[in-house]
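Asker:
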Amino acid sequence: MTDVELTTKKDWVSDQEVRWCPGCGDYGILTAIQMLLPEFGNRREDTVFISGIGCAARFPYYMNTYGIHSIHGRSPAIASGLALARRDLDVWVVGGDGDMLSIGGNHLIHALRRNINLTILLFNNRIYGLTKGQYSPTSEEGKVTKSSPMGSIDHPFNPISLALGAEASFVARTHDLDRKHMMEMMRKAHEHKGSGLVEIYQNCNVFNNGAYNEITKRDARAEMIIELRHGEPVRFGAEGEHGVVIDRGVASIVEVADVGLDALVVHNESEPDPSVAFALSRLALDMSSPTPMGVFREVERPEYGHELDGQVARARAEKGEGDLESVLRSQHTWQVD
Amino acid sequence: MTDTDERTSEIQEVERIIVRFAGDSGDGMQLAGDRFTAASAMFGNDLATLPEYPAEIRAPAGTLAGVSAFQVHIADHDISTPGDSPSVLVAMNPAALMGELPKLEEHGTIIINTDAFDERNLQKAGYESNPLEDDSLAGYSVISAAMTDMTKEACKELGVKPRDAERSKNFFALGMVSWLYSRPTDPTVDWIQSKFKGKDLVIAANEAAFRAGNVFAENADLWASRRIVRPAVLPAGTYTNINGNTALSWGLLAASKQAGLPLFLGSYPITPASDILHELAKHRNFGVRTFQAEDEIAAVGAALGASYGGHIGLTTTSGPGLALKSETIGLAVSLEIPLVIVDVQRGGPSTGLPTKTEASDLLMAFYGRHGEAPLPVVCANTPADCFFAAIEATRIAVEYRTPVILLSDGYLGNGTEPWKLPNVDDLPEIHVEFLEGPNHVNEDGEEEFLPYLRDDTLSRPWILPGTTGLAHRVGGIEKDITGNISYDPANHEYMVRTRAAHIAKIADSIPEIEPKGDADGDIVVVGWGSTYGPITAAVGRMRRKGAKVAHIHLRHLNPFPPNLGELLKSFDQVIVPEMNLGQLARLIRADFLVDAKSISKITGQPFTPAELVERIEEAVND
Chain H
1 MTDVELTTKK DWVSDQEVRW CPGCGDYGIL TAIQMLLPEF GNRREDTVFI
51 SGIGCAARFP YYMNTYGIHS IHGRSPAIAS GLALARRDLD VWVVGGDGDM
101 LSIGGNHLIH ALRRNINLTI LLFNNRIYGL TKGQYSPTSE EGKVTKSSPM
151 GSIDHPFNPI SLALGAEASF VARTHDLDRK HMMEMMRKAH EHKGSGLVEI
201 YQNCNVFNNG AYNEITKRDA RAEMIIELRH GEPVRFGAEG EHGVVIDRGV
251 ASIVEVADVG LDALVVHNES EPDPSVAFAL SRLALDMSSP TPMGVFREVE
301 RPEYGHELDG QVARARAEKG EGDLESVLRS QHTWQVD
Chain U
1 MTDTDERTSE IQEVERIIVR FAGDSGDGMQ LAGDRFTAAS AMFGNDLATL
51 PEYPAEIRAP AGTLAGVSAF QVHIADHDIS TPGDSPSVLV AMNPAALMGE
101 LPKLEEHGTI IINTDAFDER NLQKAGYESN PLEDDSLAGY SVISAAMTDM
151 TKEACKELGV KPRDAERSKN FFALGMVSWL YSRPTDPTVD WIQSKFKGKD
201 LVIAANEAAF RAGNVFAENA DLWASRRIVR PAVLPAGTYT NINGNTALSW
251 GLLAASKQAG LPLFLGSYPI TPASDILHEL AKHRNFGVRT FQAEDEIAAV
301 GAALGASYGG HIGLTTTSGP GLALKSETIG LAVSLEIPLV IVDVQRGGPS
351 TGLPTKTEAS DLLMAFYGRH GEAPLPVVCA NTPADCFFAA IEATRIAVEY
401 RTPVILLSDG YLGNGTEPWK LPNVDDLPEI HVEFLEGPNH VNEDGEEEFL
451 PYLRDDTLSR PWILPGTTGL AHRVGGIEKD ITGNISYDPA NHEYMVRTRA
501 AHIAKIADSI PEIEPKGDAD GDIVVVGWGS TYGPITAAVG RMRRKGAKVA
551 HIHLRHLNPF PPNLGELLKS FDQVIVPEMN LGQLARLIRA DFLVDAKSIS
601 KITGQPFTPA ELVERIEEAV ND
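Chains H and U supply the protein sequences, listed in that same order. Counted from 1, the first sequence has number 183 at position 183 by the working numbering; the numbering is strictly sequential. Counted from 1, the second sequence has number 375 at position 375 by the working numbering; the numbering is strictly sequential.
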């Protein structure tokens, strides 16, 4: 990735027809990435998108880069192998809530805890789209779908809480209606050394239309989006009149006028302990409560590929380049004449 | 071996001895067996070993379930199996005697640790009376020794606590057996000193116990029982005693060198395959990257990702793990990129018999994926052969851009044999080619790039991400020659048939197979994998008795060697011994319409040559 090339959005658009439903939130996310990638100065050929199965997982076909549309849930595992074998590449993982939190939940948390250099985009529409409308691991309790006609009795995952629990080194949330914010979160996740997870609230206009309307519509945002800004008190509202306090590990929403500005929690995304970030993540209780957006956590941790290559280099320095002859003779040998 | 040499002439020479060390899981029998083997290897015997241990790390002490055994066959001639019945049984406790005695040959020798034969242990083993006191062992030659007490006594002066000293009793037993079978003592003493370096008390205790056992045997007037097995005449060269898992790991290192590509192992610990992960993890200086994944699926996924990036992607597992990897292997079939999958088979189904051997994953290797998903299958036939099987599996994967399943099994993985080290300059070559630019000219005379354009072998190019001008997308959905999604019915049928033809075409690179033994006889015994040793021994015995029998042993299972069908049809009788219910026999019948007769054994133990002779004769006369 040494040759810096000047590219534009259209260089990153593949020749394949995009086949998401008209009006799908995925279009906005695709545009955001295609607009963002030229900024990095990387070659298209050094960029790889890896996905699993689901609507979101068609993503690689639409990118004029290298890509694998793999199998359900396994994209973090496949991407881990590629990112470790080829640290020169810029590896992205794209998938939905079913793909990465249900069938592939295990791979996601382990990729996050290992801190392999991957930028992971989790399109969360809280529904199974490609299989036509069953509840997902992020669907709210009571959700009536084809597979839950009497209402879902599954308790949902909060993806940010889950990622923080896995001690992910970079965790952010954004939504599909704010391209600028999406690009900002993806940019930061990409700059981060290690696994960067961006949860994107994404609208499925066919099976779960308007799920996030109460939070992400332009006129709702001031009251419903708690924007996290590093080093600043956590507050929201048109005039910044609401705020967040943390008491005994529990975050709650207060009126600034009642408690005073100094009582608000000051957001520190680089705090090594994930507890405060976790408390903030619990605020997104449902789809009609004020919801934090932005970077929850960005901390430095050793990157797995760097450590692994370090061991290879150290082994070579200590033992010399591997010599087969000496391995064959490394156990006891004897001579027959 | 100091002042005993003058009496060497009194020692009876024998062609072979089969010793079975048996005791509680915590008694150190695997170690004792392993050391006896090493000393015998250094002495120049040919040998074969069979370790058998419970799946539990510490099974209930003193019970039959907790018995751990190690059988070693040493001979003054070329042998291929751990033997039929042991001639000597070392029984460290009543459970070992109870469980293992039925295996001992008639009039065999039993070496007993009498200290363990107390009421409690006898009861746990299920003895109603003490076999040392009744006449139930009358037909055997019994050598009794109070091993625990004598070990403690030998360690008394060293400052070792009696409890710790007791743990060295396996070395006492080893010392006795070493004297009885005229093994040199130096290799064991040297090994103790290097193995426990820095732990002076442990060295002192083990060495004292070993010497005490040796001296005890000498002083106990056991001369009549003393035997010696002279060195075998083996081809000249440098030898090492190797187990299959180590040989397989080294074969992969060799394959990486031959291909000039780094190895990436994605693996999840599973018995009996974990030792390959352990061994390869030691060799980072070969550029090996071992990745202990969160599960079997992630292990193969990471390996596939690494292959896509131009490493030799490898995953190692046993049966249950192979089942979990099925879907990803299917993706590799669809992506048509190299991937090496090693299955060290064990007893199944489900958790089955984790520490026992079986060869029952053949049909899973062939067919264990949804859809038409053919892939090459190769197997290893002896512990040392695992080295060459690994190179061959990698060659096929890399040169044909396909996932390959390599079948080993628990017996090969843990069993050992002396191996004449190969010359590293003579190893097979592995050719690697990456596509570097457009590979086609279209009708308008313009250069273009087609990811699924095939070469003469029907293989598609291996294209590394990062290659200028070749950015493209691949995936598990059916695709056409561009790699892009295609739901076209005719294209799907074409792709399914082409993938099958691609794998079938690998036969072009497989040499014709030649039967051993009587190629012009009426009977052929066909095997694959670890039955190589027993079948070789059984066919040898039958031929010495005058029968005309041929032996075909397969390395390549899919595709079969090109002449296999024709060859089988030239025999009247085709007998297929397998450690499953007849999986290869079924494939042979299906592929060649040959009336193959199956011989099965599914006890978790390999065939012995004697039972195989009997069963082959039965099948022939059936």
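By construction, the Cβ of each residue, glycine as well, lies at the ideal position given by its N, Cα and C atoms.
1. Is there contact here, the stretch 63 to 71 of chain H with the stretch 204 to 215 of chain H, by at least three beta-carbon pairs under 8 Å?
2. Out of U:Arg497, U:Glu443, U:Glu618, which has the shortest C-alpha to C-alpha gap to Gly371 (chain U)?
3. The beta strand (DSSP E) spanning Leu50 (chain U) covers which residue range?
4. Among H:Met185, H:Gly104, H:Ala277, which residue has its Cα nearest to the Cα of Gly165 (chain H)?
5. Based on DSSP bridge pairs, tell me the residues matched to Lys516 (chain U).
6. I need the straight-line Cα distance from Thr290 (chain U) to Leu584 (chain U), nearest angstrom please.
7. Going by C-alpha distance, which of U:Ser141, U:Gly330, U:Asp444, U:Val342 is nearest Glu276 (chain U)?
8. With a CB to CB cut of under 8 Å and the five nearest residues on each side skipped, what residues in its chain are close to Thr63 (chain U)?
9. What does Arg333 (chain H) touch in chain U if you count any residue whose Cβ is under 8 Å from its own?
10. How would you write the range of the alpha helix (DSSP H) that Pro414 (chain U) sits in, first residue to last?
11. Which residue marks the beginning of the beta strand (DSSP E) containing Asp480 (chain U), and which one marks its end?
12. Measure how close the beta-carbons of Ile638 (chain U) and Ala48 (chain U) come, nearest whole angstrom, since I'm counting them as under 8 Å.
13. If you measure between the beta carbons of Ile192 (chain U) and Glu358 (chain U), is that distance less than 8 Å?
14. Can you say whether Phe21 (chain U) is buried or exposed, counting buried as having 16 or more other CB atoms within 10 angstroms of its CB?
15. With 8 Å as the threshold, decide whether the Cβ of His192 (chain H) is near any Cβ in chain U.
16. Taking Ile11 (chain U) as the reference, give the member of U:Phe172, U:Leu581, U:Trp223 with the closest Cα.
17. Do you know offhand how far Leu314 (chain U)'s Cα is from Leu37 (chain H)'s?
18. Which residue's Cα is closest to the Cα of Leu197 (chain H): H:Pro149, H:Arg235, H:Ala222, H:Asp97?
19. Which residues bound the beta strand (DSSP E) around Asn241 (chain U)?
20. Could you tell me how far apart the beta carbons of Ala83 (chain H) and Gly305 (chain H) are, in whole angstroms, since I believe they sit closer than 8 Å?
21. Output needed for Ala504 (chain U): all residues of its chain with C-beta closer than 7 Å, excluding positions within five of it in sequence on either side, in chain order.
22. Which residues, in order along the stretch 462 to 473 of chain U, keep a beta-carbon less than 9 Å from a beta-carbon of chain H?
23. Whose Cβ in chain U lies nearer than 7 Å to the Cβ of His306 (chain H)?
24. With 8 Å as the threshold, decide whether the Cβ of Ala303 (chain U) is near any Cβ in chain H.
25. Can you tell me where the beta strand (DSSP E) with Ala596 (chain U) in it begins and where it stops?
26. Please confirm whether Ala384 (chain U) has its beta-carbon closer than 8 Å to some beta-carbon of chain H.
27. Going straight from the alpha carbon of Arg163 (chain U) to that of Ile203 (chain U), what length do you get?
28. Less than 8 Å separating the beta-carbons of Phe49 (chain H) and Val13 (chain H)?
29. Where do the ends of the alpha helix (DSSP H) carrying Asn121 (chain U) lie?
30. Just tell me which of U:Ala281, U:Ala299, U:Asn414 has its CA closest to the CA of Ile78 (chain H).
31. Between Ala255 (chain U) and Ile312 (chain U), which are expected to be in contact by the criterion C-beta below 8 Å, what is the C-beta distance as a whole number of angstroms?
32. Would Gly52 (chain H) pass as a contact of Ser70 (chain H) if the rule is Cβ separation under 8 Å?
33. According to the neighbour-count rule (16 or more other Cβ atoms, all chains shown, within 10 Å of its Cβ), is Leu285 (chain H) buried or exposed?
34. Would a check of beta-carbon distances place Phe70 (chain U) closer than 8 Å to chain H?
35. Between which residues of its own chain and Cys386 (chain U) is the CB-CB distance below 7 Å, once the five residues before and five after are set aside?
36. In the DSSP assignment, what residue or residues form a beta bridge with Gly527 (chain U)?
Answerer: Taking the structure as given:
1. No, they do not touch.
2. On the second sequence, residue 371 (chain U) is found 371 positions in, with the first residue counted as 1. Nearest in C-alpha terms to Gly371 (chain U), of all of U:Arg497, U:Glu443, U:Glu618, is U:Arg497.
3. Start at 1 with the first residue of the second sequence, and residue 50 (chain U) comes out as number 50. From DSSP, the beta strand (DSSP E) with Leu50 (chain U) extends over 46 to 52.
4. Translated into positions along the first sequence, residue 165 (chain H) becomes position 165. Nearest in C-alpha terms to Gly165 (chain H), of all of H:Met185, H:Gly104, H:Ala277, is H:Ala277.
5. Walking along the second sequence from the start, residue 516 (chain U) turns up at place 516. Its beta-bridge partners are U:His551.
6. Numbered from 1 along the second sequence, position 290 holds the residue referred to as residue 290 (chain U). Numbered from 1 along the second sequence, position 584 holds the residue referred to as residue 584 (chain U). The straight-line gap separating the alpha-carbon atoms of Thr290 (chain U) and Leu584 (chain U) is approximately 33 Å.
7. For the purposes of this step, residue 276 (chain U) is taken as residue 276 along the second sequence, with counting starting at 1. Position check: residue 276 (chain U) holds Ile in this sequence, whereas Glu was assumed. Here the closest residue by C-alpha is U:Val342.
8. Your numbering for residue 63 (chain U) matches position 63 in the second sequence. Cβ within range, chain order: Ala95, Lys124, Ala125.
9. In the first sequence, residue 333 (chain H) corresponds to position 333, counting from 1. Residue identity check: residue 333 (chain H) is Thr in the sequence provided, not Arg. Under the 8 Å cutoff, chain U gives Thr238, Tyr239, Thr240, Leu421.
10. Reading the second sequence from its first residue, position 414 is the one you call residue 414 (chain U). Note that residue 414 (chain U) is Asn in the sequence shown, not Pro. Unbroken alpha helix (DSSP H) run through Asn414 (chain U): 410 to 414.
11. Stepping through the second sequence from its first residue, residue 480 (chain U) is reached at position 480. Going by DSSP, Asp480 (chain U) is part of no beta strand (DSSP E) at all; its letter is neither H nor E.
12. Shown here, chain U extends from 1 to 622; a query on residue 638 (chain U) therefore has no answer.
13. Position 192 of the second sequence, counted from the first residue, corresponds to residue 192 (chain U). Position 358 of the second sequence, counted from the first residue, corresponds to residue 358 (chain U). No. Outside cutoff.
14. Numbered from 1 along the second sequence, position 21 holds the residue referred to as residue 21 (chain U). It is buried - the Cβ of Phe21 (chain U) has at least 16 other Cβ atoms within 10 Å.
15. Here residue 192 (chain H) refers to the residue found at position 192 of the first sequence. No, no contact with chain U.
16. As a working note, residue 11 (chain U) is residue 11 in the second sequence. Of the residues U:Phe172, U:Leu581, U:Trp223, the one whose Cα lies closest to the Cα of Ile11 (chain U) is U:Trp223.
17. Taking the first residue of the second sequence as position 1, residue 314 (chain U) is located at position 314. Taking the first residue of the first sequence as position 1, residue 37 (chain H) is located at position 37. Distance from the CA of Leu314 (chain U) to the CA of Leu37 (chain H), rounded to the nearest whole angstrom, comes to 32 Å.
18. Mapped onto the first sequence, residue 197 (chain H) falls at position 197. When each option's Cα is compared against that of Leu197 (chain H), the closest is H:Asp97.
19. Stepping through the second sequence from its first residue, residue 241 (chain U) is reached at position 241. DSSP places Asn241 (chain U) in the uninterrupted beta strand (DSSP E) bounded by 237 to 243.
20. As a position in the first sequence, residue 83 (chain H) is number 83, starting the count at 1. As a position in the first sequence, residue 305 (chain H) is number 305, starting the count at 1. Right, their Cβ atoms sit about 6 Å apart.
21. Against the second sequence, residue 504 (chain U) aligns to sequence position 504. Closer than 7 Å at the Cβ level, and outside the excluded window around Ala504 (chain U), lie Pro559.
22. Flagged, chain order: Ile463, Leu464, Pro465, Gly466, Thr467, Thr468, Gly469, Leu470, Ala471, His472, Arg473.
23. As a position in the first sequence, residue 306 (chain H) is number 306, starting the count at 1. Simply none; closest approach about 13 Å.
24. Here the question's residue 303 (chain U) lines up with position 303 in the second sequence. Output row for Ala303 (chain U): interface = yes.
25. In the second sequence, residue 596 (chain U) corresponds to position 596, counting from 1. Run containing Ala596 (chain U): 596 to 600, per the beta strand (DSSP E) assignment.
26. Taking the second sequence and counting its residues from 1, one reaches residue 384 (chain U) at position 384. Under the Cβ criterion of 8 Å, Ala384 (chain U) is not counted among the residues facing chain H.
27. Here residue 163 (chain U) refers to the residue found at position 163 of the second sequence. Here residue 203 (chain U) refers to the residue found at position 203 of the second sequence. Approximately 16 Å between the Cα atoms of the pair.
28. Position 49 of the first sequence, counted from the first residue, corresponds to residue 49 (chain H). Position 13 of the first sequence, counted from the first residue, corresponds to residue 13 (chain H). The criterion of a C-beta distance shorter than 8 Å is not satisfied by Phe49 (chain H) and Val13 (chain H).
29. Reading the second sequence from its first residue, position 121 is the one you call residue 121 (chain U). 119 to 125 is the extent of the alpha helix (DSSP H) around Asn121 (chain U).
30. The residue you call residue 78 (chain H) lines up with position 78 of the first sequence. If you compare the alpha carbons of U:Ala281, U:Ala299, U:Asn414 with that of Ile78 (chain H), the shortest gap goes to U:Ala299.
31. Position 255 of the second sequence holds residue 255 (chain U). Position 312 of the second sequence holds residue 312 (chain U). Contact flag correct, Cβ pair sits at about 7 Å.
32. As a working mapping, residue 52 (chain H) is identified with position 52 in the first sequence. As a working mapping, residue 70 (chain H) is identified with position 70 in the first sequence. For Gly52 (chain H) and Ser70 (chain H), yes; Cβs fall inside 8 Å.
33. Position 285 of the first sequence, counting from 1, holds the residue named residue 285 (chain H). Classification for Leu285 (chain H): exposed.
34. Here residue 70 (chain U) corresponds to residue number 70 of the second sequence, with the count starting at 1. No, because no Cβ of chain H sits closer than 8 Å to the Cβ of Phe70 (chain U).
35. Position 386 of the second sequence, counting from 1, holds the residue named residue 386 (chain U). By the criterion of a C-beta distance shorter than 7 Å, Cys386 (chain U) is surrounded in its chain by Gly244, Ala247, Leu248, Gly251, Ala380, Ser408, Leu412, once the five residues flanking it on both sides are discounted.
36. Here the question's residue 527 (chain U) lines up with position 527 in the second sequence. DSSP, once it has assigned bridges, lists U:His553 as partnering Gly527 (chain U).
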